[in-house]
Structures are given as C-alpha cells and as structure tokens.
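Peer 1: Residue numbers (UniProt numbering): 1 to 66. Glycine is no exception: its CB is placed at the ideal position from the N, C-alpha and C atoms. These numbers were taken from a predicted model, which means no experiment stands behind them.
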C-alpha cells in the first residue's frame with residue numbers, strides 16, 4: 001500500500017508540472033461540472049436534489065472519454 005500511495009503521489013506531482021495535463025484533466029472537467037450544473041438548475045430548479053448524482057455520472061463519462 002505504501003508503494004501505491006507513493007506512486008499516486010508521484011504521478012500527481014508530475015501531472016502538475018505539465019500545463020497541458022492540468023488543463024485537460026483538472027480544469028476542463030471542473031469548468032464543465034460548474035457550467036452544466038448551472039444549466040441543469042436553471043432549467044429545472046428541482047434538479048438541485050439530484051445534481052450531485054447526475055454530475056458524477058457526467059464527470060466519470062468525461063474522464064473516460066479523455
């Protein structure tokens with residue numbers, strides 16, 4: 001487990017050195033999450049109750065497509 005934690009930390013540290021990786025895998029999904037969350041709540045105010053679940057599905061889908 002210690003080796004896995006070290007590997008994950010090292011990969012995370014190396015990811016933040018590359019600006020393209022930060023933009024693609026960290027900034028774009030967060031902006032997408034905020035943008036689509038705003039659209040969902042403006043269309044249907046009751047969507048706030050299920051917004052976290054639906055945006056989690058969108059986030060996982062977007063992460064697998066990237």
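1) Would you call the CB atoms of residue 34 and residue 40 closer than 8 Å?
2) Nearest by alpha-carbon distance to residue 53: which of 10, 37, 19 and 26 is it?
3) How long is the line joining the alpha carbons of residue 12 and residue 27, rounded to whole angstroms?
4) Nearest-angstrom Cα distance between residue 22 and residue 49?
5) Tell me which residues share the same chain as residue 61 and place their Cβ nearer than 6 Å to its Cβ, disregarding the 5 neighbours each side in the sequence.
Peer 2: In terms of the structure at hand:
1) Position 34 of the chain shown, counted from the start, is the residue given in the question as residue 34. Position 40 of the chain shown, counted from the start, is the residue given in the question as residue 40. No, the pair does not count as a contact, with Cβ atoms beyond the cut-off.
2) Along the chain shown, one-based indexing puts residue 53 at 53. Taking each of 10, 37, 19 and 26 in turn and checking the Cα distance to residue 53, the smallest one comes out for 37.
3) Translated into positions along the chain shown, residue 12 becomes position 12. Translated into positions along the chain shown, residue 27 becomes position 27. Distance between residue 12 and residue 27, taken at the CA atoms: about 14 Å.
4) As a working note, residue 22 is residue 22 in the chain shown. As a working note, residue 49 is residue 49 in the chain shown. Approximately 30 Å between the Cα atoms of the pair.
5) Residue 61 sits at position 61 when you count from the first residue of the chain shown. Nothing meets the Cβ criterion.
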